[in-house]
Amino acid sequence: MRPDENYISTSEAAQALGISRQRVLQLIKNERLKATKFANIFMIRRVDLAAVEDRPQGRPPKAKPAQNGRKKRQK
């Protein structure tokens with residue numbers, strides 16, 4: 426029984442985000458995804474899921490080294 430139609434399960438969230446259920450639980454644990462516990466089951470509001478969908482996933486790209494203006498020596 427779903428507490429409200431505005432909530433989805435961790436499995437449904439995983440499918441919507443294209444990630445594993447374990448990753449969803451990890452996002453909840455790391456407080457990157459808000460969730461509420463109903464009868465010992467995490468439920469996620471659709472609005473909170475949309476906020477995670479808009480956030481870029483993964484690490485940001487490494488910065489390129491700065492150019493010092495000198496040319497490389499040719500042999």
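In this note's numbering, the protein residues as written are 426 to 500.
Yeah, the Cβ is synthetic: ideal placement off N, Cα and C, and Gly gets one too.
Review point. Taking the C-alpha atoms as reference points, what is the distance between residue 471 and residue 491?
Key: In the sequence shown, residue 471 corresponds to position 46, counting from 1. In the sequence shown, residue 491 corresponds to position 66, counting from 1. Whole-angstrom Cα-Cα distance: 43 angstroms.
Review point. Under the rule that 16 or more other beta-carbon atoms within 10 Å means buried, what is residue 469, buried or exposed?
Key: Counted from its first residue, the sequence shown places residue 469 at position 44. Its Cβ being crowded by 16 or more others within 10 Å, residue 469 is buried.
Practice item. Within its chain, find whatever has a CB closer than 7 angstroms to the CB of residue 445; leave out the 5 residues flanking it on each side and keep chain order. Key: As a position in the sequence shown, residue 445 is number 20, starting the count at 1. Answer for residue 445: 439, listed in chain order.
Exercise for review: Would you give the residue range spanned by the alpha helix (DSSP H) that residue 454 belongs to?
Suggested key: One-based indexing of the sequence shown puts residue 454 at position 29. It spans 446 to 454 - the alpha helix (DSSP H) in which residue 454 sits, taken as one unbroken run.
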